[in-house]
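Participant: Residue numbers (my numbering): 1109 to 1232. We treat Cβ as the ideally placed atom computed from N, Cα and C, and that holds for glycine. My structure is below; once you've seen it, I'll send some questions.
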């Protein structure tokens, strides 16, 4: 049986849905982000996070003191979801561009996530 590869653009909505649900399942994030669909916007060009959607108390405690440090930790928090997503769509790897906006500040990171499942030469 021939298996066709998905075009990444065909998976954008799936990743958007997974990102929003991942946030909803994390109680501290869920409690401090009012509009999840505005907080994360996924497109074929990249993933955009709008940190202005966090509650004022959360921003003051976690983001404002070290915006760049928080961004790096937040991206690390997302990586297991991205690996799971790649396994689901049967991709061996993908380069993601994440942009995080917070008022006038902007953080961007481009990184590659590899699917290490056995069918892609890795291990579980």
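Quick check on the DSSP output: the alpha helix (DSSP H) that includes residue 1176 runs from which residue to which?
Facilitator: 1175-1197
Participant: Skipping 5 residues on each side, what residues in its chain have a beta carbon closer than 6 Å to that of residue 1132?
Facilitator: 1138
Participant: Given that a residue counts as buried once 16 or more other Cβ atoms are within 10 Å of its Cβ, and exposed if not, what is residue 1218?
Facilitator: The residue in question, residue 1218, is exposed, as its Cβ has fewer than 16 Cβ neighbours within 10 Å.
Participant: Tell me, please, which residues DSSP counts as bridged to residue 1209.
Facilitator: 1158 and 1214
Participant: In whole angstroms, what is the alpha-carbon distance linking residue 1209 and residue 1176?
Facilitator: 11 Å
Participant: I'd like the list of long-range same chain contacts for residue 1130, defined as Cβ closer than 6 Å, with 5 residues on each side in sequence excluded.
Facilitator: The residues are 1189.
Participant: Count the other CB atoms within 10 Å of the CB of residue 1119; is the residue buried (16 or more) or exposed (fewer)?
Facilitator: buried
Participant: What did DSSP end up calling residue 1129 once you bin it into helix, strand or coil?
Facilitator: helix
Participant: Could you check the C-alpha separation between residue 1124 and residue 1173 for me, to the nearest Å?
Facilitator: Distance between the alpha carbons of residue 1124 and residue 1173 is about 28 Å.
Participant: Going by beta-carbon coordinates alone, are residue 1140 and residue 1147 separated by less than 7 Å?
Facilitator: No; because the gap between Cβ atoms is not below 7 Å, this pair is not in contact.
Participant: Which value, in whole angstroms, describes the spacing of the CA atoms of residue 1201 and residue 1165?
Facilitator: Rounded to whole angstroms, residue 1201 to residue 1165 spans 37 Å at the Cα level.
Participant: From residue 1170 to residue 1182, what does the alpha carbon distance come to, in whole angstroms?
Facilitator: Between residue 1170 and residue 1182, the C-alpha separation is close to 11 Å.
Participant: Helix, strand or coil, according to DSSP, for residue 1150 in the structure here?
Facilitator: Strand at residue 1150.
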